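First up is the structure itself, then whatever we jot down about it.
Protein chains: 4
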Amino acid sequence: MTRPGLLNEEKVFKDPVHRYVHVREELIWDLINSPEFQRLRRIKQLGTSYFTFHGGEHSRFNHSLGVYEIMRRILETFEGRIKLSRDEKLLCLCAALLHDVGHGPFSHSFEKVFRFDHEDWTKAILVGDTNINRILRRMGAQFPQKVSEVIAKTYENKLIVSLISSQIDADRMDYLLRDAYYTGVNYGNFDIERILRVMRPHEDGVFFKYSGMHAVEDYIMSRYQMYWQVYFHPVTRSAEVVLRKIFQRAKYLFHHEYEYRIEPVQLLPFFREQVALRDYLSLDEAVVLFYIQQWKTEEDPILSDLCERFLDRNLLKYVEYNPRDFKLFAELKEIFSEAGIDPDYYLEVDSTSDLPYDFYRTSQEEERIPIMLQMQSGELVELSQKSVIVEAISGKRRFDYKLYFPMDKIQALPKEISGKIRERLGVMEDV
Amino acid sequence: MTRPGLLNEEKVFKDPVHRYVHVREELIWDLINSPEFQRLRRIKQLGTSYFTFHGGEHSRFNHSLGVYEIMRRILETFEGRIKLSRDEKLLCLCAALLHDVGHGPFSHSFEKVFRFDHEDWTKAILVGDTNINRILRRMGAQFPQKVSEVIAKTYENKLIVSLISSQIDADRMDYLLRDAYYTGVNYGNFDIERILRVMRPHEDGVFFKYSGMHAVEDYIMSRYQMYWQVYFHPVTRSAEVVLRKIFQRAKYLFHHEYEYRIEPVQLLPFFREQVALRDYLSLDEAVVLFYIQQWKTEEDPILSDLCERFLDRNLLKYVEYNPRDFKLFAELKEIFSEAGIDPDYYLEVDSTSDLPYDFYRTSQEEERIPIMLQMQSGELVELSQKSVIVEAISGKRRFDYKLYFPMDKIQALPKEISGKIRERLGVMEDV
Amino acid sequence: MTRPGLLNEEKVFKDPVHRYVHVREELIWDLINSPEFQRLRRIKQLGTSYFTFHGGEHSRFNHSLGVYEIMRRILETFEGRIKLSRDEKLLCLCAALLHDVGHGPFSHSFEKVFRFDHEDWTKAILVGDTNINRILRRMGAQFPQKVSEVIAKTYENKLIVSLISSQIDADRMDYLLRDAYYTGVNYGNFDIERILRVMRPHEDGVFFKYSGMHAVEDYIMSRYQMYWQVYFHPVTRSAEVVLRKIFQRAKYLFHHEYEYRIEPVQLLPFFREQVALRDYLSLDEAVVLFYIQQWKTEEDPILSDLCERFLDRNLLKYVEYNPRDFKLFAELKEIFSEAGIDPDYYLEVDSTSDLPYDFYRTSQEEERIPIMLQMQSGELVELSQKSVIVEAISGKRRFDYKLYFPMDKIQALPKEISGKIRERLGVMEDV
Amino acid sequence: MTRPGLLNEEKVFKDPVHRYVHVREELIWDLINSPEFQRLRRIKQLGTSYFTFHGGEHSRFNHSLGVYEIMRRILETFEGRIKLSRDEKLLCLCAALLHDVGHGPFSHSFEKVFRFDHEDWTKAILVGDTNINRILRRMGAQFPQKVSEVIAKTYENKLIVSLISSQIDADRMDYLLRDAYYTGVNYGNFDIERILRVMRPHEDGVFFKYSGMHAVEDYIMSRYQMYWQVYFHPVTRSAEVVLRKIFQRAKYLFHHEYEYRIEPVQLLPFFREQVALRDYLSLDEAVVLFYIQQWKTEEDPILSDLCERFLDRNLLKYVEYNPRDFKLFAELKEIFSEAGIDPDYYLEVDSTSDLPYDFYRTSQEEERIPIMLQMQSGELVELSQKSVIVEAISGKRRFDYKLYFPMDKIQALPKEISGKIRERLGVMEDV
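Protein chains in written order, with full-length UniProt numbering: chain A, 1 to 431; chain B, 1 to 431; chain C, 1 to 431; chain D, 1 to 431.
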């Protein structure tokens with residue numbers, strides 16, 4: 001088996017964000033053409049965001065190519081600054097291209113209900129019996145494992161890990177620019193060319209020349225804005241809530257002897273929580289949407305109602321919610337139950353939070369590597385010590401709680417009950 | 001039943017092409033929220049183009065909102081120039097919004113194999129038993145019929161028809177800009193603001209102030225470029241060929257007693273060519289892609305092979321083809337048959353042609369209404385008489401023929417046969 | 001005298017920032033065509049910034065049209081929300097168009113040395129014997145005075161004043177977008193359409209719907225970035241220092257019996273600080289640059305050296321400077337004097353500072369009107385109470401001090417002296 | 001004298017068109033900082049176009065950096081495809097940077113009246129006693145001469161010449177993109193990245209891969225549009241006519257003993273047509289505009305009137321003109337003379353023409369090198385043989401004639417005469 005070399009002729013993809021994606025390596029070309037990677041065309045990058053921003057219909061395939069391209073450009077700027085072997089460079093490129101290969105359809109909701117983590121599937125695809133594994137192994141028997149470790153942040157070379165997973169990495173840079181472009185929201189723009197120009201590699205990661213501090217600030221602000229304007233949009237989250245409830249109900253029915261009109265064959269392994277790699281790889285958005293459409297005409301009124309809501313974008317309404325107000329939630333739950341609206345499916349608190357930047361945090365969730373600036377003197381200084389704006393938001397986690405409910409069902413209740421609920425929710429006619 | 005009025009507050013959609021889509025009319029808002037219109041979210045605007053331009057993943061929902069918005073702006077520029085009643089304006093807006101509502105998944109290929117025209121379904125959705133029909137009827141019993149006539153170009157008011165169907169209309173202007181934006185191909189750009197500024201209504205259509213001639217020229221060039229660069233791209237057409245063959249094979253099997261592992265319930269009416277409106281409305285890309293995925297593991301080798309090709313983007317290769325060379329095609333067909341590659345599914349000529357602009361043509365296909373310029377003197381002159389560039393391309397239909405075949409299958413044949421085929425095709429190792 | 005009405009046909013200017021500038025009012029059209037307004041074509045918007053950002057060569061004419069256009073759009077969004085008479089609307093448009101009409105060439109440096117304020121000249125042009133005054137008086141004898149008051153912020157209607165002078169007004173919004181566009185710096189971008197959409201008028205000013213808070217945040221961040229990245233760029237300030245020193249020297253020579261080779265006729269009134277309106281109006285960048293070029297060959301070595309530096313962009317170098325380090329400055333001054341480099345012209349501290357946003361400040365300089373958000377409940381809340389980012393930077397003035405000096409002259413000194421200076425400045429070979 | 005090498009650190013200019021201009025060579029850096037090159041900051045790229053498109057205020061400095069940057073990128077794509085020595089590459093870069101260095105203010109009009117060609121000055125600056133010459137000579141005594149030959153198209157290496165002067169070269173590509181950007185006219189956009197990607201060097205020039213044909217077509221259409229929309233705009237040409245008449249009158253007065261209030265010292269060599277290099281280099285737009293402003297108050301009524309028109313943008317009006325209608329011109333001339341309007345200064349035919357593309361033409365003016373496409377077979381084919389659009393416009397020269405006159409002066413004449421003139425001109429009240 002010969003190790004893969006360069007293509008006879010460079011291949012390019014026209015890309016609206018980076019103008020062109022350039023592929024010179026046979027290895028990369030073969031990975032892109034593998035079934036497991038092509039499958040990402042059938043999974044949306046932004047899950048349910050297209051219900052809020054109709055432009056946000058792009059796939060994870062689209063984004064993955066973009067991350068690869070940014071990585072390729074980063075490596076180009078590293079030329080002459082740090083010594084990376086050809087294998088290490090290909091490792092970076094493969095990790096960038098494949099970092100999301102384990103994602104499934106509507107991962108956020110799907111994983112929550114069926115209790116798994118797409119990162120485990122990413123690993124399984126890289127090291128398991130797949131085309132991607134076979135392609136990677138042409139670089140050496142250990143190569144798939146290494147790619148997997150880079151993506152899992154356990155690889156020994158911290159520089160390589162940080163290029164794909166840090167507070168300013170190829171993945172984040174691509175999705176901010178890309179999601180901004182497709183949704184039409186212009187908060188996600190920042191000067192990536194400048195950031196790449198001032199990025200410098202060192203043994204354990206990267207730093208940025210001080211002269212580029214404002215570009216980095218601008219990136220962090222873009223990130224902040226995109227999170228609150230797009231990713232955490234309450235309408236998008238309403239669609240996620242509905243989706244979660246669909247999956248929850250479908251699973252519940254399966255475990256309670258419900259007879260489906262059409263058996264959801266492809267989903268049974270997930271209902272049973274016994275999923276083989278092959279089952280997982282045959283899952284895509286078409287499969288999920290197919291069953292949601294079938295279920296619209298199922299007999300179970302909760303399942304069919306939720307599916308209809310999702311397909312026809314008749315989502316749940318919401319109000320701000322104080323997470324400490326346990327009494328309110330309990331009361332509403334009771335009124336809902338009495339009124340015949342099952343609160344397990346129609347009353348939901350969705351919370352979200354974001355930490356725009358942090359320089360040091362030892363927590364369960366995620367440790368943050370600080371962004372370092374290199375002063376003219378050569379000294380390295382942590383970003384928030386120089387940037388008043390970044391300092392202001394460092395370590396400040398912002399939370400958002402919303403309470404979701406079906407306004408149309410409430411309005412259809414007898415006036416008295418409906419009034420009681422509305423009074424508790426603090427909403428008048430329309431939300 | 002009260003006629004729909006204005007919304008309490010204007011609604012907006014963030015749109016990357018027109019920045020914002022503005023909705024003030026209750027009628028439009030309700031149409032957008034109807035299940036039949038929401039279904040367009042599950043149908044891609046550009047069919048299989050995403051295989052060539054990964055950015056082209058946007059839906060017909062996306063485009064339909066854009067056509068509506070352009071129409072809204074056109075009507076704004078008409079204020080004070082021509083008298084249109086509120087009903088006529090709403091007629092324009094509804095026709096713009098709904099002109100594609102009858103489209104199905106991958107229409108181009110699907111309609112060819114199952115022999116129907118999505119325009120008939122558009123009509124059926126407007127005048128049949130649908131939510132859209134009920135919403136439209138609030139404007140009067142005849143209103144749905146009128147919308148249908150505008151879209152079908154049979155409505156008596158030629159001005160209104162021309163706004164949605166002419167050589168420079170709201171539909172074409174939106175799709176050129178939109179498809180260019182999402183694919184990242186910048187040939188589709190033209191100055192729509194200027195075109196709208198110089199557009200003037202008259203009884204039977206519109207004309208353009210002479211001062212805006214260059215903007216109109218530029219639009220026609222954009223159209224020309226987008227057709228040849230994007231819409232007719234040979235790789236996109238290869239995916240269409242594969243898709244057509246999938247549908248053809250699936251239908252054939254159905255009519256020849258093949259037993260499907262999983263019965264393609266939603267497609268049976270199409271196989272039988274007996275489709276009810278309800279069947280049609282439950283069809284979307286998820287359904288088609290679901291079955292393509294199922295069929296990948298069907299026993300029939302042709303069906304499973306074609307489905308695998310489509311899903312994994314292992315498409316057919318192509319060479320230029322001289323449509324008068326009947327002998328070549330016959331010869332190849334024979335060699336293919338002998339070699340065990342069924343030419344009905346693996347050898348296909350795809351032809352396409354475009355007429356970028358015409359000022360007068362009485363043909364079966366389509367009559368072209370000329371684009372008129374208004375000179376400073378007030379006189380109306382047909383565009384190609386003033387524009388040397390448009391004159392140069394007027395009435396010149398350009399054709400393109402490609403012959404598609406599975407290179408991998410040919411390469412797997414015994415060297416001698418493979419060499420004979422390659423020699424006939426005029427291709428060496430790689431295409 | 002008839003009051004000016006609407007133009008027969010709308011006039012438009014192609015504008016790269018707002019796409020088109022629309023003029024419907026005869027009054028505005030005539031003002032644009034007045035000599036005093038056309039003069040703004042000969043004065044750069046960004047003074048010496050083009051030495052740093054070569055794209056920043058646009059004129060105040062360019063910007064003034066933009067402010068007018070934003071004001072026109074603001075008034076459009078106010079339709080139906082507040083009652084403004086035709087006169088009041090024209091007052092807004094005139095104030096927007098003419099707010100900078102009193103600017104002279106390189107105002108920043110020129111005004112400092114010749115001790116005047118361009119705002120006084122704006123007033124003089126509006127109420128004095130000028131074409132602009134004659135045009136404005138067609139609206140009534142008091143109209144020019146009113147325009148002047150709006151620009152001077154003394155007009156009684158606080159709403160009107162705030163549209164042109166507040167922390168988020170037509171002037172600032174235009175220059176941030178425009179300067180970003182021409183320089184190519186993309187930090188200045190924000191979503192002006194959204195801001196205009198959520199802007200609501202009330203008696204004493206404007207507020208913004210809470211749903212648009214992020215767009216306002218983004219505007220404030222853009223402002224912050226543009227100040228530090230573009231407006232306060234140390235190289236631009238170096239050019240300003242050189243220019244100031246040129247004016248200072250030219251004035252000094254005039255007051256000390258120096259005989260100019262060519263008498264700077266147009267500048268004499270400024271040297272004498274006795275300037276008539278007519279003198280002022282005949283001043284533009286061409287006049288200043290003409291004399292700078294003449295002075296390049298003057299006998300006075302300081303004047304000719306400084307002019308050569310300016311023309312050939314051989315500017316002063318700089319280091320960070322601690323404003324409290326009086327000793328350093330005194331020492332350097334002495335060494336410079338001894339070394340024959342006149343410190344009055346070749347050693348200069350330039351300081352700058354910015355307060356990105358403030359909600360309340362009673363100071364000599366400028367009182368800041370807070371930006372108010374309207375919550376869904378109707379309540380008005382000051383921006384920084386809702387925005388963690390704005391809160392973080394509110395009222396925090398940031399300062400920057402730089403010490404400027406001619407590195408080439410220092411390098412030409414005997415090694416010992418040069419070394420002493422360099423050691424004090426903390427610079428090695430290159431800066 | 002050591003030959004110039006690489007800079008310690010790459011320098012960049014922020015450029016709105018190419019995002020960044022990169023300078024790695026000491027030689028280029030020094031050339032940019034030379035007084036002769038900095039002088040280009042004081043000369044507008046588009047002459048009087050800013051009267052029509054207010055955004056078109058950018059300088060030749062701005063454009064020259066852009067041409068250099070495109071050349072730098074072209075050379076990058078040539079790496080590995082053709083062998084160019086370091087000297088040859090620097091020759092290309094210098095020729096790109098300096099190709100316009102001999103331009104003076106408002107060259108078009110200025111050169112016509114004072115009868116010289118800026119190309120001769122370009123040569124003089126390169127080979128004469130200038131800083132630029134001294135800098136270039138560090139590459140070898142013959143280097144300045146070589147740069148001059150490349151710009152003059154007489155250099156032996158045809159490939160190098162064609163990169164800067166052909167139908168698709170670095171100069172044209174930059175000005176189309178740049179002028180489009182600053183004016184805001186979007187007709188000038190084309191996909192330069194794609195063009196550079198498909199450009200291939202050969203001994204005598206370049207060719208383009210057939211796959212990029214549409215990008216080349218699009219470039220040619222952009223060129224065509226920019227010429228007719230921007231460069232030949234009749235209002236811009238009106239300003240040129242006024243300017244020409246100013247220079248013509250000023251020169252006439254000088255030769256007829258007129259005593260100027262302020263002697264136009266810097267212009268005397270031009271009046272005498274005896275210009276030294278030093279005189280030429282001290283000329284810039286500031287000097288010309290300075291005198292135009294002085295002349296506004298000269299006693300000669302023609303000179304002062306024309307200068308006022310130019311400064312206050314009170315230009316001449318125009319009508320279409322048939323160049324064969326000698327009688328009309330003679331008649332008008334007579335009526336003008338009788339009415340006291342000197343036709344030598346107030347009646348002018350301005351003609352312009354453009355040949356968008358040609359593949360072969362032996363003419364006096366300019367020989368056109370055809371654009372060649374390389375087919376997949378390797379064969380080279382001339383563009384218009386493949387592109388129906390380019391074929392349609394090849395070799396078709398388009399002409400435009402306009403007759404310019406002062407409408408205000410005509411309107412001020414006795415009604416009878418004014419009516420007679422207007423009737424001949426075919427204009428009513430307003431033009």
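Ideal placement from N, C-alpha and C gives every residue a C-beta, glycine not left out.
Bear in mind that the values here come from a model prediction, so they are computed numbers and not experimental data.
- Inclusion of residue 26 of chain D and residue 130 of chain D in the CB contact set at 7 Å is not warranted, their separation being larger than that value.
- Interface annotation, residue 57 of chain A: in contact with chain B, CB-CB separation under 7 Å.
- In this chain, the alpha helix (DSSP H) harbouring residue 163 of chain C covers 158 to 164.
- Secondary structure of residue 7 of chain C (DSSP, three-state): strand.
- Below the 9 Å Cβ cutoff, chain C contributes 19 and 20 as neighbours of residue 193 of chain B, in chain order.
- By the 16-neighbour rule on beta-carbons within 10 angstroms, residue 327 of chain D is exposed.
- Annotation for residue 382 of chain C: no alpha helix (DSSP H) segment contains it, though the beta strand (DSSP E) segment containing it runs 380 to 382.
- In this chain, the beta strand (DSSP E) harbouring residue 399 of chain C covers 398 to 405.
- Exposure of residue 142 of chain A is indicated by the presence of fewer than 16 other C-beta atoms within 10 angstroms of its C-beta.
- At a cut-off of 7 Å between beta-carbon atoms, residue 214 of chain B makes contact with chain D.
- In the DSSP secondary-structure assignment, residue 19 of chain C is bridged to C:15.
- A direct Cα-Cα distance of roughly 45 Å separates residue 163 of chain A from residue 346 of chain B.
- Bounds of any alpha helix (DSSP H) do not take in residue 206 of chain B; it lies within the beta strand (DSSP E) bounded by 205 to 209.
- Inter-residue distance for residue 114 of chain C and residue 173 of chain D is about 45 Å (C-alpha atoms, whole angstroms).
- Beta-carbon to beta-carbon, residue 68 of chain D and residue 97 of chain D are separated by about 4 Å, close enough to satisfy the 8 Å threshold.
- Taking a contact to require three or more Cβ pairs closer than 8 Å, the segment 240 to 249 of chain B and the segment 100 to 110 of chain B qualify as touching.
- Counted as a single uninterrupted DSSP element, the beta strand (DSSP E) harbouring residue 318 of chain A occupies residues 317 to 320.
- Within 10 angstroms of the beta-carbon of residue 256 of chain B lie fewer than 16 other beta-carbons, which makes it exposed.
- In the three-state reduction of the DSSP assignment, residue 153 of chain B falls in the coil class, being assigned neither a helical nor a strand state.
- Of the candidates C:31, C:419, C:400 and C:405, C:400 places its Cα closest to the Cα of residue 227 of chain C.
- In this structure, residue 138 of chain A sits away from residue 17 of chain A, with a CB-CB distance that is not shorter than 7 Å.
- In the assembly as shown, residue 385 of chain C is an exposed residue. Its beta-carbon has fewer than 16 other beta-carbons within 10 Å.
- Residue pairing for residue 59 of chain C: DSSP places it in a beta bridge opposite C:44.
- Membership of residue 39 of chain C in any alpha helix (DSSP H) is not indicated, and neither H nor E is assigned to it by DSSP.
- Taking 7 Å as the threshold, the shortest C-beta distance from residue 187 of chain B to chain D falls below it.
- The three-state reading of DSSP puts residue 76 of chain C in helix, counting H, G and I together.
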